[in-house]
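Note that the protein sequences, when read in sequence, are chains A and B. Read left to right, the first sequence gives residues 1 to 335 (this note's numbering). Read left to right, the second sequence gives residues 1001 to 1335 (this note's numbering). Even for Gly, the Cβ is constructed at its ideal location relative to N, Cα and C. Small disclaimer: the values here were computed from a predicted structure and weren't measured. Remarks on the structure that follows.
Protein chains: 2
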Amino acid sequence: MAASVRDVAVAAAVSVGTVSNVLNRPEKVAPATVERVMAAINELGFVRNDAARQLRAGRSRSIGMIVLDAGNPFFAAVARGAEERADEDHLSVLLGNSDEDVDRESAYLDLFREQRVNGVLITPASSATANLERLRTAGIPVVLVDHEIADTSFCSVSVDDVEGGHLAAAHLLQQGRRRLMFVGGPSSIAQVTNRLEGARRAVSEVSGATLEVIEMPALTVLNGRAAGEAIVAREASLRPDAVFAANDLLAVGLVQGLRIFGGLRVPEDIALIGYDDIDFASAAVVPLSSVRQPAEEIGHTAVELLLKTIADPEGDYERRVRFRPELVVRESSSV
Amino acid sequence: MAASVRDVAVAAAVSVGTVSNVLNRPEKVAPATVERVMAAINELGFVRNDAARQLRAGRSRSIGMIVLDAGNPFFAAVARGAEERADEDHLSVLLGNSDEDVDRESAYLDLFREQRVNGVLITPASSATANLERLRTAGIPVVLVDHEIADTSFCSVSVDDVEGGHLAAAHLLQQGRRRLMFVGGPSSIAQVTNRLEGARRAVSEVSGATLEVIEMPALTVLNGRAAGEAIVAREASLRPDAVFAANDLLAVGLVQGLRIFGGLRVPEDIALIGYDDIDFASAAVVPLSSVRQPAEEIGHTAVELLLKTIADPEGDYERRVRFRPELVVRESSSV
DNA sequence: AGTTAGTTATGAATCGTTTCAAGCTTAAGT
DNA sequence: ACTTAAGCTTGAAACGATTCATAACTAACT
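Written as structure tokens, this is what we have:
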């Protein structure tokens, strides 16, 4: 069907080797020949077959990336940062969505291995390291994104979630709130448990302060709304006076849920703070306080680190890049 | 480096053909042999080389998709719908971001051709059909997404943007507003011009109503904010009393921009309506009126149509699926 | 014993690109 | 005229999975 180098070679009356040279090292070919070959290429509408090229090369020109939720603007931004950096090295990024599910994660990793990707960027869906170990034994370079594990041999680019959680909770406490609630996601996700740990620490530093924890099945707007409605449905005395949501999606949903049926006011009745500082946070019904993470820079740095690891697995460079979270105060948490 | 079928064959003491059969038609192989081969596969950590498989097969197991902005929740939802449907047929979706730029679009299309994708879903960045014609001559099946062109031989899945624009503007007029403004994006984008055309039509039906048009370089939150600030900066008599934004991202930004420095109130001073009804619309500072499009269903249907086209290019089925937009009224447009 | 049908396994050929040692041509130098 | 070098081009080999015609073997018949 489609034209091959052989067809081009015949049309231009040269050998296949020369066609390949025109494609890959035109400076090694006589100008007149280049022109003739290019003419044949255009005439036949020849397009390189990447599968054959990869087969010969033994590896692909792509890296795999798995995020928890591509619909979350935070991860969308991280992915964009990664793509931009990868593009500089003429690599493309295969993006997969685990939806916080380990099996989907495994499925994508299998796909990536079949594709012979150069490396993998991953925000693991679970603290179980089985999938990571498998990558390691397969000899595939890995960089953990927005996640860090005890095993220091794994490269990672992360933000200190414990500190971020502390920042958020301490801020609520400083506003005079004492009955805090943490609305999180599955405790299998490290970000969630770390942010919670930071919050716990902050609460323990203030006498009389309490922290209730509610676990939702996923970090989505819908779950946030459900949590909000559940709070509204409670007796007034059982309601928290401040809520720390594990991410902005939950927080946005919470605002909706809390206000439903003319329920509770934010921040008067309940102060609220989210996490990630996505674009929409500042545009929410009540502009949302949040904890900012440098999303694009994380993606950028992750690819950078991956490339280093590929080039020199044993090299002398920092294997764990850590950014610091930043508190962003808006109306949702301050009267 | 990595194990190949040949290595597996040696380890299991069978021929390479048998290994391939175990992989692809295990029912044709004696159970005992299957077991032996599987053991060898696990032992060696063998993973199929997809490049070799594709080379032999002559085509890939993927389809290409190009959207205007993957960070826009509307397109994220369309892409998700497409992926879900593709997954049912064991196809993966290569997602590319044109950022409304024709050159980036071309670059992705080249990449897709090298990958020998089975077909392409595309929301064109321009009304110029050069890229589409190139796909056609290359014999690559195409389905236009959220976009329709005069040439009826191209398949498309779209929503009637003229009707949507009419719905939005008519609604604003019905609220008693007369000095309308349309905040759009580059006029090269068909959605923008169609929505504007619908709005123009609605305005022409009401005597005394006017429509001012402002063109922003892209349909983003940031541009919306800029437009909002520009409106605030005007003399009061020159301000519109209602704004129709070409999408929700612009609208969200407009809310921010209009309210900046305690500027204008929405909807009292200026009524506002967006387009797409993304999740965040209902959670905006002022819950946003919008025009809803069935995003996931669009993605789903687009893949469905693409598969039909691939299976039978000449078949007897509807080549242009058209959904109808739906007005969603919230606080931003009604007092 | 001989034929047939059925089941299972084989291995060479193939896909399209890249690589690289070897060959050819021309120009320059002695 | 002869050598050397430099510049271009060649074509076979290789990458790894799949296919398919063919072979080998069994079992079940006459």
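At a Cβ-Cβ threshold of 8 angstroms, B:ALA1284 and A:ALA283 count as neighbours. Counting only Cβ-Cβ distances below 8 angstroms, A:ASN49 has contacts in chain B at LEU1055, GLU1114 and ARG1116, in chain order. The DSSP assignment places 1210 to 1215, 1242 to 1245 and 1271 to 1273 as complete runs of the beta strand (DSSP E) inside the stretch 1203 to 1287 of chain B, in order along the chain (cut-off: 3 residues). Against chain B, the CB of A:ARG80 has a partner CB under 8 angstroms away; the residue lies at that interface.
Under the criterion of beta carbons closer than 8 angstroms, B:GLY1176 and B:ARG1225 do not qualify as touching, at roughly 27 angstroms. Counting along the chain, no alpha helix (DSSP H) covers A:PHE182; the unbroken beta strand (DSSP E) around it starts and ends at 179 to 184. At a cut-off of 8 angstroms between beta-carbon atoms, A:GLY45 makes contact with chain B.
Within 10 angstroms of the beta-carbon of A:GLN174 lie fewer than 16 other beta-carbons, which makes it exposed. Look at B:LEU1306 here: in three-state DSSP terms it is helix. The continuous beta strand (DSSP E) containing A:GLU326 extends over residues 326 to 328. Contact residues of the stretch 1123 to 1150 of chain B toward chain A are THR1137, ALA1138 and GLY1139 (C-beta to C-beta distance below 8 angstroms). By the CB criterion at 8 angstroms, A:ILE310 and A:SER290 fall outside the cutoff. Here the alpha carbons of A:LEU254 and B:ALA1002 stand approximately 49 angstroms from one another. Distance between A:PHE261 and B:SER1092, taken at the CA atoms: about 43 angstroms. Taking B:ALA1079 as the centre and dropping the five residues before and after it, the same chain places the C-beta of MET1065, VAL1067, ALA1070, VAL1093, LEU1095 and GLY1299 closer than 8 angstroms to its C-beta, in chain order. For a Cβ distance threshold of 7 angstroms, nothing in chain B lies close to A:ASP269: the least Cβ distance comes to about 18 angstroms. In this structure the stretch 1210 to 1227 of chain B touches the stretch 1178 to 1185 of chain B; the number of beta carbon pairs closer than 8 angstroms is three or more. Approximately 10 angstroms separates the beta-carbon atoms of B:LEU1180 and B:ALA1170; this is outside 8 angstroms, ruling out the contact.
Going by DSSP, B:ILE1189 is part of no alpha helix (DSSP H) at all; its letter is neither H nor E. Distance from the CA atom of B:GLY1045 to the CA atom of A:LYS308, rounded to whole angstroms, is 26 angstroms.
With a threshold of 8 angstroms between beta carbons, A:ASP276 makes no contact with chain B. For the 8 angstroms CB-CB criterion, A:ILE63 and A:LEU23 do not form a contact. The C-beta distance from B:GLY1165 to B:LEU1196 rounds to 6 angstroms, short enough to fall under 8 angstroms.
In the three-state DSSP reduction, A:GLY64 falls in the strand class (E or B). The stretch 1313 to 1325 of chain B and the stretch 1099 to 1119 of chain B do not touch, with fewer than three beta-carbon pairs separated by less than 8 angstroms.
One Cα belongs to A:GLU35, the other to B:GLU1114, and the distance between them is close to 22 angstroms. According to DSSP, residue pairing for B:PHE1323 in a beta bridge involves B:VAL1159. Distance from the CA of B:ASP1276 to the CA of B:VAL1206, rounded to the nearest whole angstrom, comes to 25 angstroms. In the three-state reduction of the DSSP assignment, A:ASN97 falls in the strand class. DSSP places B:SER1020 inside the alpha helix (DSSP H), whose first and last residues are 1016 to 1024. Going by DSSP, A:VAL29 is part of no alpha helix (DSSP H) at all; its letter is neither H nor E.
Judged by DSSP in its simplified three-state form, A:VAL102 adopts helix. Rounded to the nearest whole angstrom, the C-alpha separation of A:THR129 and B:ALA1202 is 59 angstroms. If you look at A:VAL335, you'll find it isn't in any alpha helix (DSSP H); DSSP assigns it neither H nor E.
Identification of chain B residues near A:PHE280 by a Cβ-Cβ cut-off of 7 angstroms yields VAL1252 and PHE1280, ordered along the chain. Our two residues, A:ALA82 and A:ASP151, have alpha carbons roughly 24 angstroms apart in a direct line.
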